[in-house]
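2 protein chains.
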Amino acid sequence: MTEHSLWRFSRALHRAINDRHFQDIESLIDEDVDWAVYGPIDMFPFLGARQGRRAVIDVIRQVADNFRVHRFDRENIMLGVDSAASMLRYSLTALDSDKPISLRVAQFAQFRADRLINMRVLIDTFDLVEQALGRSIHLPKLTGVV
Amino acid sequence: MTEHSLWRFSRALHRAINDRHFQDIESLIDEDVDWAVYGPIDMFPFLGARQGRRAVIDVIRQVADNFRVHRFDRENIMLGVDSAASMLRYSLTALDSDKPISLRVAQFAQFRADRLINMRVLIDTFDLVEQALGRSIHLPKLTGVV
Chain B
1 MTEHSLWRFS RALHRAINDR HFQDIESLID EDVDWAVYGP IDMFPFLGAR QGRRAVIDVI
61 RQVADNFRVH RFDRENIMLG VDSAASMLRY SLTALDSDKP ISLRVAQFAQ FRADRLINMR
121 VLIDTFDLVE QALGRSIHLP KLTGVV
Chain V
1 MTEHSLWRFS RALHRAINDR HFQDIESLID EDVDWAVYGP IDMFPFLGAR QGRRAVIDVI
61 RQVADNFRVH RFDRENIMLG VDSAASMLRY SLTALDSDKP ISLRVAQFAQ FRADRLINMR
121 VLIDTFDLVE QALGRSIHLP KLTGVV
């Protein structure tokens, strides 16, 4: 039984972010990959939609420039033949400020011939923004909520 | 072939929120359900973790008191025998302000004997907060981002 594409991709991604080793991850991304990580791109320019391997590698380089992954726990996982969905909890450090950031992420990936062709990532972005700012944002209680 | 638990649950959930019909959804939730919707509970008290059917039904009632679902598109879906992961885009109205809210959500569900026993939901919460406030929150560009 061969290893699921997700495990190979996940190892290569973390090696790229932490060790700036981009060769493995490049070989695991389809030239025509369709990629989106939803979130506020004004604050985090590496979020948003990207088309094609080169654009995605640029994003991964920017993430590597800004963060280090300390650990991640896969809280939920579903594997299909060529697809995977998981919910993860990441412990990161923001490199410029040395701030610890703890982040929950949901990831839907599709592979073709062992290469990533589609990736959609959802982040608990309000939590991310508050941690990156280093302060909480005052929120009113929603009117009408019982 | 019987229908996957997710479809029945999804129909009952939307019927509860829009028509305040809670009987169907109650019969599809395990007494000992483990439930968490991650997000800022100060603004949205119905977010957060809940244990047990009664607490979850209370949450669904609070959502029904505050929102109406106009439509939802399932952008990604993975089904296991007793589990499901999906990414959805919701179009809602906030009932107190009549404000339209468009929301991306990732949902991981586990069922046992057709009843929900575990639910984890991740929301693009910064987007949600800005829409609920009706204004954008100024964000600095993250220092060090190339």
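Protein sequences appear in the order of chains B and V. Okay, so the first sequence: first residue is 1 according to the numbering used here, each after it adds one. Okay, so the second sequence: first residue is 1 according to the numbering used here, each after it adds one. Glycine included, each C-beta is placed from N, C-alpha and C at the ideal position.
Residues of its chain near F9 of chain V, where Cβ-Cβ distance is below 8 Å and the 5 sequence neighbours each way are ignored: I25, L28, A109, F111, L116
Whole beta strand (DSSP E) elements within the region 57-132 of chain V, 3-residue minimum: 67-79, 83-94, 99-112, 115-123
Limits of the alpha helix (DSSP H) - the one that D24 of chain B falls within: 23-27
Neighbour-count burial assignment, P140 of chain B, 16 or more Cβ in a 10 Å radius: exposed
Chain V residues whose Cβ lies nearer than 7 Å to that of I139 of chain B: The displayed chain sequence assigns Leu, not Ile, to residue 139 of chain B. Those are P40, D42, M43, V129, listed as they occur along chain V.
Short Cβ contact (8 Å threshold) for D32 of chain B with G52 of chain B: yes
Backbone secondary structure at R50 of chain V - three-state DSSP: strand
Three-way DSSP call (helix, strand, coil) for D42 of chain V in this model: coil
Burial state of R54 of chain B, where buried means 16 or more other Cβ atoms lie within 10 Å: exposed
Burial state of S5 of chain B, where buried means 16 or more other Cβ atoms lie within 10 Å: buried
Residues of the region 106-123 of chain V with Cβ closer than 8 Å to any Cβ of chain B, in chain order: A106, F108, R120, L122, I123
Q197 of chain B, buried or exposed, once every other Cβ within 10 Å from all chains shown has been counted against 16: Summary: the structure shown does not reach residue 197 of chain B, with chain B confined to residues 1 through 146, and so no result is reported for it.
Spatial neighbours of T125 of chain B in its chain, beta-carbon cut-off 7 Å, leaving aside the 5 residues before and after: G39, P40
Residues that N76 of chain B contacts on chain V, provided the C-beta gap is smaller than 9 Å: S83, A85, F108, Q110, N118, R120
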